[in-house]
Amino acid sequence: MIVLFTDFGVEGPYTGQVQARLQQLASGVPVINLFSDLEPWDVEAAAYLLPAYAAGFPSGTVFLCVVDPGVGGSRPGVVVSADGCWYVGPNEGLFAILARRAGCVECLELPPAVGVSSSFHGRDVFAPVAARLARGLRVEAEGVSTACLEKPDWPDDLLRVVYIDRYGNAITGLRASKVDASQMLSVNGHQLRSAQTFSDVGVGEAFWYANSSGLVELAVNQGCADRVLGVEVGTVLSF
Amino acid sequence: MIVLFTDFGVEGPYTGQVQARLQQLASGVPVINLFSDLEPWDVEAAAYLLPAYAAGFPSGTVFLCVVDPGVGGSRPGVVVSADGCWYVGPNEGLFAILARRAGCVECLELPPAVGVSSSFHGRDVFAPVAARLARGLRVEAEGVSTACLEKPDWPDDLLRVVYIDRYGNAITGLRASKVDASQMLSVNGHQLRSAQTFSDVGVGEAFWYANSSGLVELAVNQGCADRVLGVEVGTVLSF
Amino acid sequence: MIVLFTDFGVEGPYTGQVQARLQQLASGVPVINLFSDLEPWDVEAAAYLLPAYAAGFPSGTVFLCVVDPGVGGSRPGVVVSADGCWYVGPNEGLFAILARRAGCVECLELPPAVGVSSSFHGRDVFAPVAARLARGLRVEAEGVSTACLEKPDWPDDLLRVVYIDRYGNAITGLRASKVDASQMLSVNGHQLRSAQTFSDVGVGEAFWYANSSGLVELAVNQGCADRVLGVEVGTVLSF
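Chains as they are written, first to last, in our numbering: chain W, 1 to 239; chain C, 1 to 239; chain U, 1 to 239.
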């Protein structure tokens, strides 16, 4: 299985162009759009979402991960092998948290892209590599130290909003397993208690809970947390 | 074929997570996103869309239907068999109109979900059931009276807007077969006549017509009916 | 491979309904959504996007192309064979630029649609034809002169914005191969120089570049060109 984790958009041609390339190079391999609308250029937000949303996929899954503000520049592309799955994309920090948490990590650095577009490495560089990996083929790349993946100044958990979903729920970069259920969370002057799920609080009430991928999420029962709390991607929270 | 009929969003991870689960549990079964952007939590609107948009699918199709304001609460999940197709989802009224109109209906109640997320039964409860049905396997569930599906106070046709499409057309819960073509419809002070199709009226003119799924739809030729008429999901219409 | 190139929307039921029809009629043929959100009813904009984004697909690809302000009217449907690929859709100019640039073009005119919806020929007329072509079957249609595809007053390159992507980049109908890299482009009073790619200019700087499909695109490094330059689909540019 190839899983797309990008900021390409559900609209427009980019996700389709990548899928078409994968179809040509790895015919018959299922392709799943996990995220197509990560916050554009926000590598840090994506880095904290990736290990949470990649968890649970079967061994051998290939994640094609692109949030790439430096496309066309000199940042290298990498292939990361972590706990049995493959991750392919530009190395601008996207794999930092994944690698830090994984038990077993290896890293390959892709050679500089030649003869391809300078603005769409997702289609021209990373999709062909993902297709090869999905087919069990060798990728021409050099083993390098996983230290190149790290962002030493990034915390283990990120106390800010990293994604707003369709319902207005605000997903944070904080693992729920790191917070006690009795802990209040503070955001924009609102104090939020935790609840198991939506139906445990009154309609219209704001709360935080451990979402279905293990991250702390700010929510309102049958309401839009982003509007009620005035939060957006980047909004900081605190204990 | 498995058909998704949800409010999970075309954006974000939820539709992809469900597709990934289906891929793992029913590999090779085609999955179609029919609706991913039903009005959040508006079970009634979805209930009137379902029989109109489920019509025409081949016998044996499995519809995974989730609009679930009560997720995590005590509402049971059901499997509905209606006129040769399967419908799986939470029982909060979503299948009421479908069951009322179907010639042959049976209902199974799923046992309470144990050991799964309390906020994403679409992925953790209903997708596995849909996968089993699509593979022709037995689902562990108890036969119950179809009376549990009913919402006795809901009308046979719903005179309100249930979906606004990309063009700004306003789909209603009213079957076109129940309205005479000479009938005027009234909405927000506008009187609308019927037409066969867009090109039958002047550019910019508002009208109603029998849409391609048999529902009354408010439209404007090459214009946006939602803006011209000031309607949104929930807006009431009358004769 | 069947490729969808439409204004049906990524949201709503239409793309899913077409995919379901294709699944029934051409089971096993991969379907790619290239564009689902072309500007509604803007046939001219779509006509300049089509040859740019159809390039590079393998011989035998079937493009299902629908931007159809005249649906239900008397405009005929056509099947265009151009340089080894098939294109199916309503003949309102959508194939004019593609045909003009292709080396080898043939055109079939579909018989008038009978017994189908008057508002959704994408599902009821063109999808069945695309499915037949993808399966290598004959389509009942009459060969006609390709002159019927032409829009003689449309220029070879269109100096206006034809699509705004998710990042706010403004794609134009002007082929980059027709402009010298030293050429300044003018839009809404802004003078834009060209650059190879985003990382070649300062963060926040506006520029134009040859995008990954060969069209001139107006962009801002890590910013939204549509907002910075005040452009939308239809905005005119000049040298």
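Every residue, glycine too, gets a C-beta built ideally from N, C-alpha and C. These figures come from a predicted structure and were not determined experimentally.
Checklist entry - Does any C-beta atom of chain C lie closer than 9 Å to the C-beta of residue 13 of chain U? => result yes
Checklist entry - Where does the unbroken beta strand (DSSP E) through residue 191 of chain U begin, and where does it stop? => result 190 to 192
Checklist entry - From which residue to which residue does the alpha helix (DSSP H) around residue 146 of chain U run? => result Taken as a continuous stretch (DSSP letters only), residue 146 of chain U belongs to no alpha helix (DSSP H), as it is neither H nor E.
Next on the checklist: With a threshold of 9 Å between beta carbons, is residue 285 of chain U in contact with chain W?
Outcome noted: The structure shown does not extend to residue 285 of chain U, since chain U is modelled only from 1 to 239, so the question has no answer here.
Checklist entry - Is there at least one Cβ from chain C nearer than 9 Å to residue 23 of chain W's Cβ? => result no
Item to check | Proximal residues to residue 131 of chain C (C-beta, below 6 Å), its chain only, five neighbours per side dropped | outcome: 22, 25, 26
Item to check | Cβ shell of residue 113 of chain U (< 8 Å), same chain only, five flanking positions each side left out | outcome: 77, 121, 124, 125
Checklist entry - Looking at C-beta atoms only, is the number of pairs between the region 95 to 103 of chain W and the region 47 to 65 of chain W that lie closer than 8 Å three or more? => result yes
Checklist entry - How far does the beta strand (DSSP E) with residue 160 of chain C in it reach, from first residue to last? => result 158 to 164
Item to check | Rounded Cβ spacing between residue 236 of chain W and residue 170 of chain W (contact assumed at less than 8 Å) | outcome: In fact, because the Cβ distance is near 12 Å, the residues do not count as touching under 8 Å.
Next on the checklist: Please tell me whether residue 10 of chain W has its Cβ less than 9 Å away from any Cβ of chain C.
Outcome noted: yes
Next on the checklist: For residue 86 of chain W and residue 38 of chain W, what's the separation of their Cα atoms in angstroms?
Outcome noted: 19 Å
Item to check | Pick from U:143, U:228, U:185, U:89 that is closest to residue 205 of chain U, judged by C-alpha positions | outcome: U:228
Checklist entry - Do you know how far the Cα of residue 168 of chain C is from the Cα of residue 157 of chain C? => result 22 Å
Checklist entry - Quick one: what's residue 75 of chain W bridged to in DSSP? => result Bridge partners of residue 75 of chain W: none, in fact.
Next on the checklist: Against chain W, which members of the region 156 to 168 of chain U pass a CB distance test of less than 8 Å?
Outcome noted: 163, 165, 166, 167
Next on the checklist: Which residue wins for smallest C-alpha separation from residue 201 of chain C, given the options C:191, C:215, C:220, C:213?
Outcome noted: C:220
Item to check | Cα-Cα separation between residue 106 of chain W and residue 12 of chain U, rounded to whole angstroms | outcome: 42 Å
Checklist entry - Taking only beta-carbon atoms, is residue 40 of chain C less than 9 Å away from chain W? => result yes
Item to check | Check whether residue 72 of chain W and residue 119 of chain W have beta carbons under 9 Å apart | outcome: yes
Next on the checklist: Looking at chain C, is there any beta carbon in it that lies within less than 9 Å of the beta carbon of residue 184 of chain W?
Outcome noted: no
Checklist entry - Does DSSP put residue 59 of chain W in a helix, a strand or coil? => result coil
Checklist entry - Is residue 175 of chain U buried or exposed, if buried means 16 or more other CB atoms sit within 10 Å of its CB? => result buried
Item to check | Endpoints, alpha helix (DSSP H) assigned at residue 227 of chain U | outcome: 225 to 229
Item to check | Through-space distance from residue 115 of chain U to residue 177 of chain U, alpha-carbon basis | outcome: 46 Å
Checklist entry - What residues of chain U sit near residue 19 of chain C, judged by a beta carbon separation below 7 Å? => result Ordered by position in chain U, no residue passes the 7 Å Cβ test against residue 19 of chain C, which lies about 13 Å from the chain.
Item to check | C-alpha gap between residue 42 of chain C and residue 67 of chain C, whole angstroms | outcome: 7 Å
Item to check | Heavy atom of the ligand PLP within 8 Å of residue 100 of chain C beta-carbon | outcome: Here there are no bound small molecules, and the ligand PLP is not part of this structure.
Checklist entry - Between which two residues does the beta strand (DSSP E) containing residue 172 of chain C stretch? => result 170 to 175
Item to check | Cut-off 7 Å between Cβ atoms - residues of its own chain near residue 162 of chain C, not counting five sequence neighbours on either side | outcome: 45, 48, 49, 171, 172, 173, 233
Checklist entry - Could you give the residue range of the beta strand (DSSP E) that holds residue 108 of chain C? => result 105 to 109
Next on the checklist: For a test of the three-state rule: what should DSSP assign to residue 26 of chain W, helix, strand or coil?
Outcome noted: coil
Next on the checklist: Less than 9 Å between the C-beta atoms of residue 40 of chain C and residue 135 of chain W, yes or no?
Outcome noted: no
Checklist entry - In three-state DSSP terms, what is residue 4 of chain W? => result strand
Checklist entry - How many angstroms separate the CA atom of residue 151 of chain C from the CA atom of residue 89 of chain C? => result 16 Å
Item to check | Beta-carbon gap between residue 3 of chain C and residue 16 of chain U smaller than 9 Å | outcome: yes
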